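S.K.: Residues in the sequence shown are numbered consecutively from 24, following the numbering used here.
Where a beta carbon is used, it is the ideal one built from N, C-alpha and C, also for glycine.
Quick caveat, the model's predicted, so the values are computed rather than measured.
Questions regarding the structure given below will be posed in turn.
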Amino acid sequence: MIIKIIIVIISYLLGSIPFSYIIGRLKGVNLLEVGSKNAGATNVYRNLGLAYALMAFLLDVGKGYFAMLLGKVFFVDQYSFIVLCGLAAILGHTFTPFLKFKGGKGVATGIGILLFINPVIAIAAFALGISIILSTRYVSLGSIISSLFVLAMSLLPYFKMPTEYQIFICIAVVYIIYKHVPNIKRLLIGQENKV
24 MIIKIIIVII SYLLGSIPFS YIIGRLKGVN LLEVGSKNAG ATNVYRNLGL AYALMAFLLD
84 VGKGYFAMLL GKVFFVDQYS FIVLCGLAAI LGHTFTPFLK FKGGKGVATG IGILLFINPV
144 IAIAAFALGI SIILSTRYVS LGSIISSLFV LAMSLLPYFK MPTEYQIFIC IAVVYIIYKH
204 VPNIKRLLIG QENKV
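In structure tokens:
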């Protein structure tokens, strides 16, 4: 039991590494004071450009993937524990103690978790999200719609996903959409920021 607690804490701390913020600071920009004031890859893109945003995005994806891998290495088929590691990483990303519990919205870290659970759904959702972002220039809309797509796909019998993973995806999608409530409000009144 003590090993499980330690691994969940490690997963949380892994998730809490604020890569976007660190990249910004290395370039002399405090992301908490510019743009959307969010320590996420989208704000990196708006303030530092595509190359740095991709770096931040991939590092955040890695946090989710490696948290799940950590759980899998120690507790092979205990799906409920493995998803707990993923949830800890998302919570770490969105509530990082290194930034007074302010962080990103969990989308990139969630993609990393999904890559671990089902790469096919992850790649399809990523492609959908990118196509929406490119056609509308709204990152939030792409994130929300692709999250709902993931939820729908995870429930299809075709993918034979363990129930624990399905429950986790339901929780994660609700959480990600909750984190996007301010964006949804701005979308509805036509005031959401474009990229």
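Given a threshold of 16 other Cβ atoms within 10 Å of its Cβ, counted over all protein chains shown, does I136 qualify as buried or as exposed?
M.R.: On the sequence shown, residue 136 is found 113 positions in, with the first residue counted as 1. I136 is buried by the Cβ-count criterion.
S.K.: Short check: CB of T21 to CB of I153, under 8 Å?
M.R.: In the structure displayed, the chain extends from 24 to 218; residue 21 sits before or after that span and is not available.
S.K.: Once DSSP output is grouped into helix, strand and coil, what is the label at R160?
M.R.: As a working note, residue 160 is residue 137 in the sequence shown. R160 falls in the coil class under three-state DSSP.
S.K.: Please tell me whether H116 and G127 are closer than 8 Å, where the distance is taken between their beta carbons.
M.R.: One-based indexing of the sequence shown puts residue 116 at position 93. One-based indexing of the sequence shown puts residue 127 at position 104. Yes, they are a contact pair.
S.K.: Which residue from L55, K27 and I32 puts its Cα closest to that of F42?
M.R.: Numbered from its first residue, the sequence shown carries residue 42 at position 19. Nearest option by C-alpha distance: L55.
S.K.: For the putative contact between S177 and I144, defined by C-beta atoms under 8 Å, what is the C-beta separation to the nearest angstrom?
M.R.: Start at 1 with the first residue of the sequence shown, and residue 177 comes out as number 154. Start at 1 with the first residue of the sequence shown, and residue 144 comes out as number 121. Contact flag correct, Cβ pair sits at about 7 Å.
S.K.: Between the stretch 56–67 and the stretch 75–91, are three or more C-beta pairs nearer than 8 Å?
M.R.: At 8 Å Cβ cutoff, the stretches touch.
S.K.: For the putative contact between L71 and V96, defined by C-beta atoms under 8 Å, what is the C-beta separation to the nearest angstrom?
M.R.: Working through the sequence shown from its first residue, we reach residue 71 at position 48. Working through the sequence shown from its first residue, we reach residue 96 at position 73. That pair is no contact at about 34 Å.
S.K.: Measure the alpha-carbon distance for L151 versus A175 and round it to whole angstroms.
M.R.: Mapped onto the sequence shown, residue 151 falls at position 128. Mapped onto the sequence shown, residue 175 falls at position 152. Cα to Cα, the separation comes out at about 13 Å.
S.K.: With A90 and L37 assumed to form a contact (beta carbons below 8 Å), what rounded beta-carbon distance in angstroms separates them?
M.R.: By one-based count along the sequence shown, residue 90 stands at place 67. By one-based count along the sequence shown, residue 37 stands at place 14. With 8 Å as the limit, A90 and L37 qualify as a contact, their Cβ atoms being about 5 Å apart.
S.K.: Which of helix, strand or coil does DSSP assign to S39?
M.R.: Locating residue 39 in the sequence shown gives position 16, where the first residue counts as 1. Correct three-state label for S39: coil.
S.K.: Let me confirm a value: I199 is counted as buried when at least 16 other C-beta atoms fall within 10 Å, else exposed. Which label applies?
M.R.: Position 176 of the sequence shown, counting from 1, holds the residue named residue 199. Buried, because 16 or more other Cβ atoms sit within 10 Å of the Cβ of I199.
S.K.: If you draw a straight line from the alpha carbon of D100 to that of I212, how long is it in whole angstroms?
M.R.: Taking the sequence shown and counting its residues from 1, the one referred to as residue 100 is at position 77. Taking the sequence shown and counting its residues from 1, the one referred to as residue 212 is at position 189. If you take the alpha carbons of D100 and I212, they lie about 46 Å apart.
S.K.: By the three-class DSSP mapping on this structure, what secondary structure does I194 have?
M.R.: Within the sequence shown, the letter at position 171 stands for residue 194. Helix, per DSSP.
S.K.: I'd like the list of long-range same chain contacts for E187, defined as Cβ closer than 7 Å, with 5 residues on each side in sequence excluded.
M.R.: Start at 1 with the first residue of the sequence shown, and residue 187 comes out as number 164. Once the five neighbours on either side are set aside, the close Cβ partners of E187 are Y102, S103 and V106.
S.K.: Just the Cα atoms here: how many angstroms apart are G58 and M78?
M.R.: Position 35 of the sequence shown, counted from the first residue, corresponds to residue 58. Position 55 of the sequence shown, counted from the first residue, corresponds to residue 78. Each residue's alpha carbon lies about 18 Å from the other.
S.K.: Would you tell me roughly how many angstroms separate the C-alpha atoms of F124 and I32, rounded to the nearest one?
M.R.: Position 101 of the sequence shown, counting from 1, holds the residue named residue 124. Position 9 of the sequence shown, counting from 1, holds the residue named residue 32. Near 15 Å, if we compare the C-alpha coordinates of I32 and F124.
S.K.: Do you know how far the Cα of I46 is from the Cα of L73?
M.R.: Working through the sequence shown from its first residue, we reach residue 73 at position 50. Working through the sequence shown from its first residue, we reach residue 46 at position 23. Distance between the alpha carbons of L73 and I46 is about 13 Å.
S.K.: Who are the Cβ neighbours of F172 in its own chain at under 6 Å, not counting the five residues just before and after it?
M.R.: The sequence position of residue 172 within the sequence shown is 149, counting from 1. Excluding sequence neighbours, F172 sits near A148 and L151.
S.K.: Apply the 10 Å Cβ neighbour rule to L179 and answer buried if 16 or more other Cβ atoms are within range, or exposed otherwise.
M.R.: Position 156 of the sequence shown, counted from the first residue, corresponds to residue 179. Exposed.
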